[in-house]
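Going by my numbering, the sequence shown opens with residue 26, and the numbers climb by one from there. Just so it is clear, CB atoms sit at the ideal spot from N, CA and C, and this is done for glycine as well.
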Amino acid sequence: MRISTSWNHQLGLSAMLDQQSKLNETQLKLSSGKKYLNPAENAVAATSMLSLEQNIKENQQYQTNIGVARQRLDLQESNLANATDVLHRIRELTVQALNDTNTQTNRKQIAMEIDELNKHLLSIANTKNANGEYLFSGYASDKPAFTDTPDYAYLGDGNQRQIGIGPNRVVTDGDPGEAVFGTIQLAPLSAGSIDNVLQAVAQLSSDLKANTPNKSSLDDIDRALVRFDNIRASTGARLNALDGQENLNADYILDNKATASDIGDLDYAEALSKFNQQQISLQAAQHAFTKVQNLSLFNYIS
Numbered sequence: 026m027r028i029s030t031s032w033n034h035q036l037g038l039s040a041m042l043d044q045q046s047k048l049n050e051t052q053l054k055l056s057s058g059k060k061y062l063n064p065a066e067n068a069v070a071a072t073s074m075l076s077l078e079q080n081i082k083e084n085q086q087y088q089t090n091i092g093v094a095r096q097r098l099d100l101q102e103s104n105l106a107n108a109t110d111v112l113h114r115i116r117e118l119t120v121q122a123l124n125d126t127n128t129q130t131n132r133k134q135i136a137m138e139i140d141e142l143n144k145h146l147l148s149i150a151n152t153k154n155a156n157g158e159y160l161f162s163g164y165a166s167d168k169p170a171f172t173d174t175p176d177y178a179y180l181g182d183g184n185q186r187q188i189g190i191g192p193n194r195v196v197t198d199g200d201p202g203e204a205v206f207g208t209i210q211l212a213p214l215s216a217g218s219i220d221n222v223l224q225a226v227a228q229l230s231s232d233l234k235a236n237t238p239n240k241s242s243l244d245d246i247d248r249a250l251v252r253f254d255n256i257r258a259s260t261g262a263r264l265n266a267l268d269g270q271e272n273l274n275a276d277y278i279l280d281n282k283a284t285a286s287d288i289g290d291l292d293y294a295e296a297l298s299k300f301n302q303q304q305i306s307l308q309a310a311q312h313a314f315t316k317v318q319n320l321s322l323f324n325y326i327s
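Okay, structure coming up:
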C-alpha cells in the first residue's frame, strides 16, 4: 500500500494548527476573564448576559436619578427649615407688636425687622440649586419663583418634576412655589385671609407702620407654618423613599452582577488546567509534524 507523503504532511499540519487554535482561544479567555468569547459558543448564555447587563445599566441609572432627586429634596428641606425659623421669629414679633403697651414708634421699629425677615423669606423662595435652577419655580426653573415687588407676582408654574428611581416607581423632586409659600392674591388684602406668606407678612408690616395691628395676622402666619410643616413632612417621606429604593436597587445590581459572573466569568483553575493540556497536545502535534517532515517517501512504501 502506498501512502501519499503530502497527505501525511497535511494531516500533521492540520492537527498542529487545530491545537494552536485551541490554545490561542484559551489564552484569550485567560486574558479577558470571559468564559465565552463570542455568542456562538453558547447562545443561551449570551442572551442571558445581554439581559443581565441591561438590567444592571437601568438600575445604575436609577441610582444616578436618586442622587439627583436627593440633592434637590435635601436643599428643599434645609430651606424650609430655615423658612420655618424665620416665620417663627416673625410670629414672636407679631405677638410683641399686638401688645397694647406699644407705641406707634415701637411698632414701626418692629415692622422694620419684619421687613428684613420677609426679604429673607423671599430669598429662600427664590433659592437656586447647584445647576442654577430656581428650586421653587416648577418647570419654569429659569425664572425666580416670586418677584421682588409689593404684590409678589408668581413667575413659576405648578408643575412637579418626576424622576424614575426604580422599576415602575417615580418620585417628585420638589414642590412649586405657590404650593409651599401660598397662592398670590390680588389687592385689596385683608389680614386673616391672605394665603401667600410673603403677602401676609407684608400686610402685617403695613398695618404695624399704620399703628393698626390686626391679630388676624397670626392666623395667616399659623396657616403658613402648618403648610411648611406639611411640605417638610412630604419631603422627608420622599427622602426616606429614596433611601429604601436605593438599597433595593443596590441589592438588585449586586444579584445581577453575581448571576452574570456565574454565567460569563471564566473558571481560572479549569482554564489553566485546560491550557496546560493544550500546550502538551500542541507540542505532541509539533513533534509528530516534524517527524513526518523528516521521513522520505520510501518510509511509507510497504
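Residue i, DSSP secondary structure in three states
| i | result |
| --- | --- |
| T197 | strand |
| K153 | strand |
| Q187 | strand |
| Y277 | helix |
| Y177 | coil |
| Y164 | coil |
| G217 | coil |
Close Cβ partners of residue i (< 7 Å) along its chain, the five nearest in sequence each way excluded
| i | result |
| --- | --- |
| E138 | L118 |
| T208 | D220 and N221 |
| A227 | N143 and P175 |
| T130 | none |
| K240 | L123 |
| I25 | Coverage of the chain is limited to positions 26 through 327, which leaves residue 25 absent and any answer about it impossible. |
| L214 | Q224 and Q228 |
| D173 | L147 |
Presumed contact (8 Å Cβ cut-off) between residue i and residue j, rounded CB distance
| i | j | result |
| --- | --- | --- |
| D200 | Q101 | 7 Å |
| I81 | N281 | 5 Å |
| A285 | A249 | The pair is not a contact, with the Cβ atoms about 53 Å apart (cut-off 8 Å). |
| K133 | L229 | So it is not a contact: roughly 13 Å between Cβ atoms. |
| Q270 | I188 | Not confirmed; about 11 Å, so no contact. |
| F171 | N151 | 6 Å |
| S73 | I288 | 6 Å |
The alpha helix (DSSP H) enclosing residue i, as first and last residue numbers
| i | result |
| --- | --- |
| I139 | Q129 to A150 |
| L84 | Per the sequence presented here, residue 84 reads as Asn, with Leu not at that position. From DSSP, the alpha helix (DSSP H) with N84 extends over A68 to L123. |
| A225 | V222 to K234 |
| G202 | G202 to F206 |
Residue nearest to residue i in terms of C-alpha spacing, selected from the options
| i | options | result |
| --- | --- | --- |
| D268 | G181, L98, S230 and S73 | L98 |
| N274 | T89, L75, T72 and S73 | T89 |
| A283 | V69, E66, E78 and A71 | E78 |
| L105 | L123, S230, N84 and L160 | L160 |
| R186 | V195, A178 and Y179 | V195 |
| G92 | L214, A266 and Q134 | A266 |
| L243 | A216, R257 and S231 | A216 |
| I278 | E141, A178, P192 and Q129 | P192 |
| G261 | S148, T197 and P169 | T197 |
| Y177 | V205, L211 and S76 | L211 |
| S231 | S162, E271 and D140 | D140 |
| T237 | R257, A71, M74 and N127 | N127 |
| V111 | D125, L146, Q129 and Q96 | L146 |
| S103 | G157, N84, S76 and K153 | K153 |
| S148 | A108, D247, Q85 and E203 | A108 |
| V205 | I246, R252, H113 and D125 | R252 |
| R95 | D276, N272 and R263 | R263 |
| I246 | V69, N272, S218 and Q86 | S218 |
| N272 | V69, E158, A235 and Y87 | Y87 |
Own chain partners of residue i with C-beta closer than 6 Å, once the 5 adjacent residues on each side are dropped
| i | result |
| --- | --- |
| Y293 | Bear in mind that a pLDDT of 49 at Y293, under 50, signals an unreliable position, so the number given afterwards is only what the model happens to contain. Result list for Y293: empty, nothing under 6 Å. |
| F323 | With a pLDDT of 45 at F323, under the threshold of 50, the modelled position of that residue is not reliable, and no figure is offered here. |
| Y164 | D182 and N184 |
| N84 | N274, Y277 and I278 |
Proximity test, residue i beta-carbon vs the ligand SAM heavy atom, cut-off 7 Å
| i | result |
| --- | --- |
| D167 | In the structure on display, the ligand SAM does not appear, and there are no ligands present to speak of. |
Other residues of its chain near residue i: CB distance less than 8 Å, five sequence neighbours each side excluded
| i | result |
| --- | --- |
| D254 | T109 |
| G202 | A150, F161, S162, G163, A170, F171, Y179 and G181 |
Short CB-CB distance (under 8 Å) between residue i and chain C
| i | result |
| --- | --- |
| A266 | As a matter of chain content, chain C is missing from the structure shown, which is built from one protein chain. |
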